[in-house]
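*Asks:* Note that our numbering has the sequence shown beginning at 32, numbered continuously upward. Ideal placement from N, C-alpha and C gives every residue a C-beta, glycine not left out. Supplied in structure tokens, the structure appears directly below.
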Amino acid sequence: MKKTILTLGAAIILMGSYCTSNKTGAQSADTSSMAKVDNVVTAAPSANEPTIADTQKVTLPSTAEQKATKPVVKLPPPVIVKDNAAIAGTPAQIALGGKLLAKSDCLACHNEQTKIVGPAYIAVAAKYAINLANINYLVGKIISGGSGVWGDIPMSPHPTLAKTDAKLMVQYILSLKK
């Protein structure tokens, strides 16, 4: 067993020394049909074996062909809202917003017609036009709270209120616009 391991080890060392010492291009008679490229010895094809060049031609698509094969995605035209009816909400949404306000703590500081601590809902509706920017602004004010818009008294934040519910409340308030 030791002789077999020693013999295999010697054979590996000889093969390794042959590959590293053959950098000058000298080849033995056993490797005459071999081609050497960067210390890698590969068998050269015989006259009867077809090469890749004989069997298939590999061509890569040009940049123009690649661009031509990409699918063209057409987007629908943008929707232009000419009036704010869609933004203002449906009658059902406005009614739901009124119910949400009636159940909330907003009534501690606000009233529909008269100022208590904060402005009346009709005053808010008169100040803000019905558009998406104002709706998003007022939703943010309800959720985050704030001060300085209607005086020095801060409005308490409502961070647990869902944005969709706050939007319904704002749609109700803005529906009071005369």
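Classify Ile174 as helix, strand or coil using the three-state DSSP reduction.
*Replies:* It is helical.
*Asks:* Using a Cβ-Cβ cut-off of 6 Å (strictly less than) and excluding sequence neighbours within five positions of Tyr159, which residues of its own chain qualify?
*Replies:* Excluding positions up to five away in sequence, the list reads Asn165.
*Asks:* So, at 6 Å on beta carbons, what are the nonlocal neighbours of Pro150 in its own chain, with the 5 sequence-adjacent residues on each side left out?
*Replies:* Trp181.
*Asks:* Does DSSP put Ile204 in a helix, a strand or coil?
*Replies:* Helix, per DSSP.
*Asks:* For Gly128, does the count of other Cβ atoms within 10 angstroms reach 16, so buried, or fall short, so exposed?
*Replies:* Result: buried.
*Asks:* Sorted by chain position, which residues of the same chain lie with C-beta nearer than 6 Å to Gly171's C-beta, five sequence neighbours on each side aside?
*Replies:* Cβ neighbours of Gly171 beyond the five flanking positions: none.
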